[in-house]
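Trainee: One structure follows; several queries about it will come next.
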Amino acid sequence: MLGKEEKQVSFFDTSFVCAHLIKKNSFYAKMREHADSIISDNDFADIYCLNNGRPSVPPARLAKVLILQHYEGLSDRQALEMLRFNIKWKYALNVPLNYEGFDDSLLTHFRARLLTNNKEKMVFRKTLELAKKAGLLKGKIDQVIDSTPMLGAGAVKDTYELIRDGIKKVISLLDKKTRSKMNLCLKAYGKKDPKPKINWDDKKERQELLSLLVSDARKVLSQVDISPEDEDTDTEMKSTARLLAKILSQDIEEDKNRKPKIKRGVAKDRIISTTDPEMRHGRKSSAGKFNGYKTHITKDVALDVITNVDVSPANCPDGKMAEPLIEEAEEEFDIKTKSLCGDGAYSSGKIKEKMDHKRIELISKVPQLENKGRISKEEFTIDIKEEKVTCPEGKVAEKCRQSKDSKTFVFSKGTCEKCSRKDECTKAKRTGRTISVGPHEEYLQEARKTQKTDEFKKIYNKRRPPVERKIAELIRHGLRKTRYIGRRKSRLQALFTASVVNLKLIFKERGEERLIFNTIGANTAAT
215 MLGKEEKQVS
225 FFDTSFVCAH
235 LIKKNSFYAK
245 MREHADSIIS
255 DNDFADIYCL
265 NNGRPSVPPA
275 RLAKVLILQH
285 YEGLSDRQAL
295 EMLRFNIKWK
305 YALNVPLNYE
315 GFDDSLLTHF
325 RARLLTNNKE
335 KMVFRKTLEL
345 AKKAGLLKGK
355 IDQVIDSTPM
365 LGAGAVKDTY
375 ELIRDGIKKV
385 ISLLDKKTRS
395 KMNLCLKAYG
405 KKDPKPKINW
415 DDKKERQELL
425 SLLVSDARKV
435 LSQVDISPED
445 EDTDTEMKST
455 ARLLAKILSQ
465 DIEEDKNRKP
475 KIKRGVAKDR
485 IISTTDPEMR
495 HGRKSSAGKF
505 NGYKTHITKD
515 VALDVITNVD
525 VSPANCPDGK
535 MAEPLIEEAE
545 EEFDIKTKSL
555 CGDGAYSSGK
565 IKEKMDHKRI
575 ELISKVPQLE
585 NKGRISKEEF
595 TIDIKEEKVT
605 CPEGKVAEKC
615 RQSKDSKTFV
625 FSKGTCEKCS
635 RKDECTKAKR
645 TGRTISVGPH
655 EEYLQEARKT
665 QKTDEFKKIY
675 NKRRPPVERK
685 IAELIRHGLR
695 KTRYIGRRKS
705 RLQALFTASV
715 VNLKLIFKER
725 GEERLIFNTI
735 GANTAAT
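Pasting the structure below:
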């Protein structure tokens, strides 16, 4: 049953005992003063039973605990310790000094309830509504987008361990009768099984272990039908078996003697953990490799309000998240975008075309073309409409080869051999210089012209740095590493962290904050 906050004043009320100890402009004081007008128990009424059973811990209190937890970057157990013993927390939550708190498992159940009922964005949405009422978000806004690594909580393992863990998980779900049919040493895959004791420097011993693991994995998979047509198979069993099958396909191949061996290189979208199969390898630069997820944010340029947050696997390209973030902000939070600024990861012709169709100005640097010691493609005149390419010496490409997504303009061998600049333009022997033109060449050409202007440089250099500072602030509140398994739970952490950062900004607004919150409270009461 839905429990609600009690308004009756206690003898141990913190406003009488310790109000003078809390700084008036602190986050804790602002939470006590304004949190009730932001989050109420009625916001969660549809995910609780109204009249049956014992009253729950008030859900608004649980949400406020999560806000304070992310403000300080604490675990569930640490948060409940603070609630039980810390005066600042008791004051912020408006609970008596003798309040004992609740079991830390309740926070886990509350998060699960939010995810099950698609309420994970509710608190974040409330901060945006508050920002609008405070006049911080008005009409169409200029936004900045960026991403940052979020380290995963799952254990990253090598191929041997991935296969062993996959076998162990499938065996644990098989019945005893099926286990007895398989000629497997089940003790080797028990809950407390030790890592195989082999000489890992010996290639032969590693090969023998790999052959045994692959053989056992195939035996286990032969007992489970993982075809999508079979609906009678247990869902957990099927998904676990598919995970093992994918690990085998991504990491194992056969040599000339049909013996299994580990594939060279990293498979596309490779699974790196059985505890969190959604984690991936990622990189922010050639040297900055990490495992887990990426957090993507959009931010208002004028007043630094975070307008949307999402989490993707670490191998997801940054540019792929631009359109979903903008669309979700408009559809769910009623935030419309006038312009979007981002680094080179958001500058592809495809993204520029999409933003152009949405009438959103994309302010992003297109990467320089690789010349490889030759005359740059930028020196050629490319006429998209006439399908004509002219070189710096005034010669026109004679041929055009059409492929699925692009066109290749070819200068003849004779034309290039007569040119005085041939040696600095092409090294081709059978033909002359070739110029590839993609489907979004027109957008890229326009972008390269624009980014050379002083106006573009001024706007770009002014808008880009603040988003880095906003990301640094999120990281200070614990966003660098997820505390949970799975993308949705990690996104819930990112949403609460962004809510904290937004509330800090709103609480710091001077002069009008009391009038703003009083107005909101009056509107809520009237409703």
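Using my numbering, read the sequence shown as starting at 215 and increasing by one per residue. Idealized CB from N, CA, C, for every residue including glycine. Only a predicted model underlies this, so the values are computations on that prediction, with no experimental measurement involved.
Just reading off the alpha helix (DSSP H) that proline 474 is part of, what are its end residues?
Mentor: As a first step, residue 474 must be located in the sequence shown, where it is residue number 260. Where proline 474 is concerned, there is no enclosing alpha helix (DSSP H), although the beta strand (DSSP E) it sits in stretches over 474-476.
Trainee: Looking at C-alpha atoms only, which residue of Thr512, Lys503, Gln421, Arg456 is the closest neighbour of lysine 477?
Mentor: Translated into positions along the sequence shown, residue 477 becomes position 263. Cα-wise, what sits closest to lysine 477 is Gln421.
Trainee: Which first and last residues belong to the alpha helix (DSSP H) in which glutamate 314 is found?
Mentor: Residue mapping note: residue 314 aligns to position 100 of the sequence shown, counting from 1. Looking at the DSSP string, glutamate 314 is not in any alpha helix (DSSP H), and its letter there is neither H nor E.
Trainee: What are the start and end residues of each continuous alpha helix (DSSP H) run of 4 or more residues lying completely inside the region 266-301, in chain order?
Mentor: Fully enclosed alpha helix (DSSP H) runs of 4 or longer: 273-286, 290-299.
Trainee: Measuring only the C-alpha atoms, how far is isoleucine 253 from isoleucine 520?
Mentor: One-based indexing of the sequence shown puts residue 253 at position 39. One-based indexing of the sequence shown puts residue 520 at position 306. The straight-line gap from Cα to Cα measures roughly 18 angstroms.
Trainee: Which of helix, strand or coil does DSSP assign to asparagine 505?
Mentor: Here residue 505 refers to the residue found at position 291 of the sequence shown. Correct three-state label for asparagine 505: strand.
Trainee: Of the choices Ser526, Leu351, Asn471, whose alpha-carbon is the least far from that of arginine 497?
Mentor: Sequence index remark: in the sequence shown, residue 497 carries index 283 (1-based). Ranking Ser526, Leu351, Asn471 by Cα distance to arginine 497 puts Ser526 first.
Trainee: Secondary structure at lysine 695, three-state DSSP: helix, strand or coil?
Mentor: Numbered from its first residue, the sequence shown carries residue 695 at position 481. The answer is strand: DSSP assigns lysine 695 an E or B state.
Trainee: In the DSSP assignment, what are the bridge partners of histidine 510?
Mentor: Looking up residue 510 in the sequence shown gives position 296. Histidine 510 pairs with Ser361, Asp524.
Trainee: Put aspartate 490 into one of helix, strand or coil per three-state DSSP.
Mentor: Along the sequence shown, one-based indexing puts residue 490 at 276. Correct three-state label for aspartate 490: coil.
Trainee: Shortest alpha-carbon distance to lysine 579 belongs to which of Gln437, Gln292, Ile673?
Mentor: Taking the first residue of the sequence shown as position 1, residue 579 is located at position 365. When each option's Cα is compared against that of lysine 579, the closest is Ile673.
Trainee: How many Å lie between lysine 371 and lysine 452 at the Cα?
Mentor: Locating residue 371 in the sequence shown gives position 157, where the first residue counts as 1. Locating residue 452 in the sequence shown gives position 238, where the first residue counts as 1. Each residue's Cα considered, the two are about 22 angstroms apart.
Trainee: Please name the residue or residues paired with isoleucine 577 in a DSSP beta bridge.
Mentor: Walking along the sequence shown from the start, residue 577 turns up at place 363. For isoleucine 577, which the question treats as bridged, DSSP gives the partners Cys555.
Trainee: Would you identify the three-state DSSP class for isoleucine 598, choosing helix, strand or coil?
Mentor: What you label residue 598 is simply residue 384 of the sequence shown in a count that begins at 1. Isoleucine 598 falls in the coil class under three-state DSSP.
Trainee: Whole angstroms is fine: what's the gap from arginine 325's alpha carbon to glycine 502's?
Mentor: Along the sequence shown, one-based indexing puts residue 325 at 111. Along the sequence shown, one-based indexing puts residue 502 at 288. Cα to Cα, the separation comes out at about 32 angstroms.
Trainee: So, helix, strand or coil for cysteine 232, using DSSP?
Mentor: Taking the sequence shown and counting its residues from 1, one reaches residue 232 at position 18. Here cysteine 232 sits in coil by DSSP.
Trainee: Buried or exposed: glutamine 616, going by 16 or more other Cβ atoms within 10 Å of its Cβ?
Mentor: Stepping through the sequence shown from its first residue, residue 616 is reached at position 402. Per the 10 Å Cβ criterion, exposed.
Trainee: Give every residue of the same chain whose Cβ lies closer than 7 angstroms to the Cβ of glutamate 656, excluding the five residues on either side of it in the sequence, and list them in chain order.
Mentor: One-based indexing of the sequence shown puts residue 656 at position 442. The residues are Ile598.
Trainee: When burial is assigned at 16 or more other CB atoms within 10 Å of the CB, is glycine 692 buried or exposed?
Mentor: Counting from one through the sequence shown, the residue named residue 692 turns up at place 478. Glycine 692 should be labelled buried.
Trainee: Note down, in chain order, each residue of its chain lying with its Cβ closer than 7 angstroms to the Cβ of valine 491, except the 5 sequence neighbours on either side.
Mentor: For the purposes of this step, residue 491 is taken as residue 277 along the sequence shown, with counting starting at 1. Checking the sequence, you will find proline at residue 491 rather than valine. So the qualifying residues of the chain are Leu457, Ile485.
Trainee: Sort out for me which residues DSSP pairs valine 519 with in a bridge.
Mentor: Numbered from its first residue, the sequence shown carries residue 519 at position 305. Valine 519 pairs with nothing; no bridge assigned.
Trainee: If you reduce the DSSP assignment to three classes, tell me which class aspartate 356 lands in.
Mentor: Within the sequence shown, the letter at position 142 stands for residue 356. Here aspartate 356 sits in strand by DSSP.
Trainee: Please look up how many angstroms separate the CB atoms of proline 273 and phenylalanine 258, rounded, as I've assumed it's under 8 angstroms.
Mentor: What you label residue 273 is simply residue 59 of the sequence shown in a count that begins at 1. What you label residue 258 is simply residue 44 of the sequence shown in a count that begins at 1. Right, their Cβ atoms sit about 4 angstroms apart.
Trainee: Identify the residues that DSSP records as bridge partners of glutamine 616: which are they?
Mentor: Translated into positions along the sequence shown, residue 616 becomes position 402. Answer by DSSP bridge pairing, in chain order: Lys621.
Trainee: Span of the beta strand (DSSP E) holding valine 651?
Mentor: Locating residue 651 in the sequence shown gives position 437, counting from the first residue. Residues 648-651.
Trainee: Between Ile236, Lys390, Met535, Arg701, which lies nearest to glutamine 437 when the distance is taken from Cα to Cα?
Mentor: Counting from 1 along the sequence shown, the entry for residue 437 is found at position 223. Glutamine 437 has its Cα closest to that of Lys390, out of Ile236, Lys390, Met535, Arg701.
Trainee: Along the beta strand (DSSP E) that carries isoleucine 466, what are the first and last residues, could you check?
Mentor: Taking the first residue of the sequence shown as position 1, residue 466 is located at position 252. Residues 466-468.
Trainee: Just the Cα atoms here: how many angstroms apart are glutamate 567 and arginine 690?
Mentor: Walking along the sequence shown from the start, residue 567 turns up at place 353. Walking along the sequence shown from the start, residue 690 turns up at place 476. If you take the alpha carbons of glutamate 567 and arginine 690, they lie about 36 angstroms apart.
Trainee: Within 10 Å of its beta-carbon, does serine 251 have 16 or more other beta-carbons around it, so buried, or fewer, so exposed?
Mentor: Residue numbering aside, residue 251 sits at position 37 when the sequence shown is read from its first letter. So serine 251 counts as buried.
Trainee: Please state if the CB of glutamate 669 and the CB of valine 715 are separated by a distance shorter than 8 angstroms.
Mentor: Mapped onto the sequence shown, residue 715 falls at position 501. Mapped onto the sequence shown, residue 669 falls at position 455. For valine 715 and glutamate 669, no; Cβs fall outside 8 angstroms.
Trainee: Would you grab the beta carbon distance between isoleucine 381 and aspartate 430 for me? Rounded to a whole angstrom, and I think it's under 8 angstroms.
Mentor: Residue numbering aside, residue 381 sits at position 167 when the sequence shown is read from its first letter. Residue numbering aside, residue 430 sits at position 216 when the sequence shown is read from its first letter. Yes, isoleucine 381 and aspartate 430 are in contact; Cβ-Cβ is about 6 angstroms, under 8 angstroms.
Trainee: Quick one: measure Cβ to Cβ for valine 624 and lysine 613, integer angstroms, because I've assumed they're closer than 8 angstroms.
Mentor: As a working note, residue 624 is residue 410 in the sequence shown. As a working note, residue 613 is residue 399 in the sequence shown. Indeed, because the Cβ distance is near 4 angstroms, the residues count as touching under 8 angstroms.
Trainee: Under three-state DSSP, which class holds glycine 496?
Mentor: Here the question's residue 496 lines up with position 282 in the sequence shown. If DSSP states are grouped into helix, strand and coil, glycine 496 belongs with the strands.
Trainee: Could you check if alanine 233 is buried or exposed, using at least 16 other CB atoms within 10 Å of its CB as the buried criterion?
Mentor: In the sequence shown, counting from the first residue as 1, residue 233 sits at position 19. It counts as exposed.
Trainee: From the DSSP output, in three-state form, read off threonine 645 for me.
Mentor: To locate residue 645, count along the sequence shown from 1; it is residue 431. Looking at threonine 645 - three-state DSSP - the assignment turns out to be coil, as it is neither helix nor strand.
Trainee: On a CA-only basis, which of Lys618, Lys632, Thr622, Arg588 is nearest lysine 609? Give me that one, please.
Mentor: On the sequence shown, residue 609 is found 395 positions in, with the first residue counted as 1. With distances taken between Cα atoms, lysine 609 lies closest to Lys632.
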